[in-house]
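Colleague: Structure incoming, see below.
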Ligand SMILES: [Zn+2]
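Residue numbers (this note's numbering): 270 to 574.
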């Protein structure tokens, strides 16, 4: 295990969330019918994955359920995991459904409304059902119903309220274009930006990432990030096991060390992780975040030393 400490300032780069709203234009054509042209489907709008950290889901939209077909996709995640705004918009809390439990609507800027159902109602790590649908339990602290939110802003907590009581905590996520009927969010979730961490603006923070070295190329390091710790928030995300990328310029010595780990040439440094490369741990010096940036490992860059 090798620890390195970088003096480089961490630059958070907020990837812009393209709101590619497709437009369909009907143009009257008085001429002879043209041969059918192949229309490219409009580019998929990339939403923010609505759960922070580890989560699993499958295409269970439309699956038969006791009360009809399943109108969303269930995203399994640890109890109390943060639910994030899939896009910028406005939230509305709703607590009037015993089946949905604690839930909220996100009326997205694109015109699509998202439903976040079965938010948390537990005060402990157990299914105690002692909490109610309030801020800090079901909804993010300080968030008001009717408030505007940014993409990736934490808006609630994953749980098992309503008729999900006692089953694996999950976010039942629905997508309603133009506020209409539910459509399958599955491919949007597949294409979504999955975030590891959310950093409020202008806060000082330090990150510690550990994982396996996957590649060293062009002076940058690629890690399969397994664990991410953020200080002073004391947030720890474990078992990420995701092929995230940490691009950072390395000086020659660091690059050589990393390559050695990758090659297994220095086993003393690199207890085998059972993966392609040796284990690697990196901690950044405290740095202020410059943007209200949802942090993706691939968005970490350290330009220069
Ligand atoms: Zn569901």
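Beta carbons are placed, not taken as given, at the ideal position from N, Cα and C, and that holds for glycine.
For clarity, every value in this text was computed on a predicted model and none was experimentally measured.
I'd like the span of the alpha helix (DSSP H) that includes residue 375, first residue to last.
Modeller: Careful: residue 375 lies outside any alpha helix (DSSP H), inside the beta strand (DSSP E) at 370-377.
Colleague: Assign residue 459 to buried or exposed, taking buried as 16 or more other Cβ atoms, counted over all protein chains shown, within 10 Å of its Cβ.
Modeller: Its Cβ having fewer than 16 others within 10 Å, residue 459 is exposed.
Colleague: Tell me the residue span of the beta strand (DSSP E) that contains residue 456.
Modeller: Here residue 456 belongs to no beta strand (DSSP E); instead the alpha helix (DSSP H) covers 455-460.
Colleague: How many whole angstroms separate the CB atoms of residue 348 and residue 428, which I take to be in contact at a CB cut-off of 8 Å?
Modeller: Yes, they are in contact, since the Cβ atoms of residue 348 and residue 428 sit about 6 Å apart, within 8 Å.
Colleague: Shorter than 7 Å, the distance from the beta carbon of residue 341 to the closest heavy atom of ligand 1, or not?
Modeller: Indeed, a heavy atom of ligand 1 lies less than 7 Å from the Cβ.
Colleague: With DSSP collapsed to three states, give me the class of residue 343.
Modeller: Three-state DSSP puts residue 343 in a strand.
Colleague: Note the first and the last residue of the continuous beta strand (DSSP E) segment covering residue 382.
Modeller: Residue 382 -> beta strand (DSSP E) spans 382-388.
Colleague: With respect to 7 Å, is the separation between the Cβ of residue 441 and the closest non-hydrogen atom of ligand 1 below this value?
Modeller: Residue 441: yes, Cβ under 7 Å from ligand 1.
Colleague: With C-beta atoms as the reference, is residue 416 less than 8 Å away from residue 316?
Modeller: No.
Colleague: For the region 406-415 against the region 434-441, are there 3 or more C-beta pairs whose distance is under 8 Å?
Modeller: The region 406-415 vs the region 434-441: no contact.
Colleague: Could you name the residues of the same chain whose beta carbon sits closer than 6 Å to that of residue 313, not counting the 5 residues immediately before and after it, in chain order?
Modeller: Closer than 6 Å at the Cβ level, and outside the excluded window around residue 313, lie 460.
Colleague: May I have the straight-line CA-CA distance separating residue 378 from residue 343, to the nearest angstrom?
Modeller: Rounded to whole angstroms, residue 378 to residue 343 spans 23 Å at the Cα level.
Colleague: Does DSSP put residue 446 in a helix, a strand or coil?
Modeller: Helix, per DSSP.
Colleague: Using 8 Å as the threshold, is the C-beta distance between residue 385 and residue 375 below it?
Modeller: Yes; because the gap between Cβ atoms is below 8 Å, this pair is in contact.
Colleague: Excluding the 5 residues preceding and the 5 following residue 424 in the sequence, name in chain order all residues of the same chain whose CB lies nearer than 8 Å to its CB.
Modeller: These residues qualify, in order along the chain: 352, 353, 354, 360, 373, 375, 385, 408, 409, 412, 418.
Colleague: Taking the alpha-carbon positions, what's the residue 290 to residue 338 distance?
Modeller: For residue 290, the pLDDT reaches just 25, beneath the cut-off of 50, and the residue's location in the model is therefore unreliable, although a value from the coordinates is still provided. Taking the straight line from one Cα to the other gives about 28 Å.
Colleague: Hey, could you find the ends of the beta strand (DSSP E) residue 352 is sitting in?
Modeller: It spans 351-353 - the beta strand (DSSP E) in which residue 352 sits, taken as one unbroken run.
Colleague: State buried or exposed for residue 328, treating a residue as buried only when at least 16 other CB atoms are found within 10 Å of its CB.
Modeller: So residue 328 ends up on the exposed side.
Colleague: Ends of the beta strand (DSSP E) at residue 362?
Modeller: Segment 358-366, the beta strand (DSSP E) holding residue 362.
Colleague: Could you have a look at residue 433 and say whether DSSP puts it in helix, strand or coil?
Modeller: In this structure, residue 433 counts as helix in the three-state DSSP scheme.
Colleague: Just curious, the beta strand (DSSP E) that residue 426 is in, first and last residue?
Modeller: Note, residue 426: beta strand (DSSP E), 423-426.
Colleague: Using CA coordinates, which residue listed in 356, 457, 406, 365 is at the minimum distance from residue 311?
Modeller: Taking only the C-alpha atoms, the option nearest residue 311 is 457.
Colleague: Just how far apart, CA to CA, sit residue 381 and residue 445?
Modeller: Cα to Cα, the separation comes out at about 6 Å.
Colleague: Helix or strand or just coil, what does DSSP make of residue 577?
Modeller: The requested residue 577 is not part of the displayed model; the chain covers only 270 to 574.
Colleague: Take residue 358 and list the residues in its own chain whose beta-carbon comes closer than 7 Å to its own, dropping the five residues that flank it on each side.
Modeller: Once the five neighbours on either side are set aside, the close Cβ partners of residue 358 are 375, 376, 377, 378, 418.
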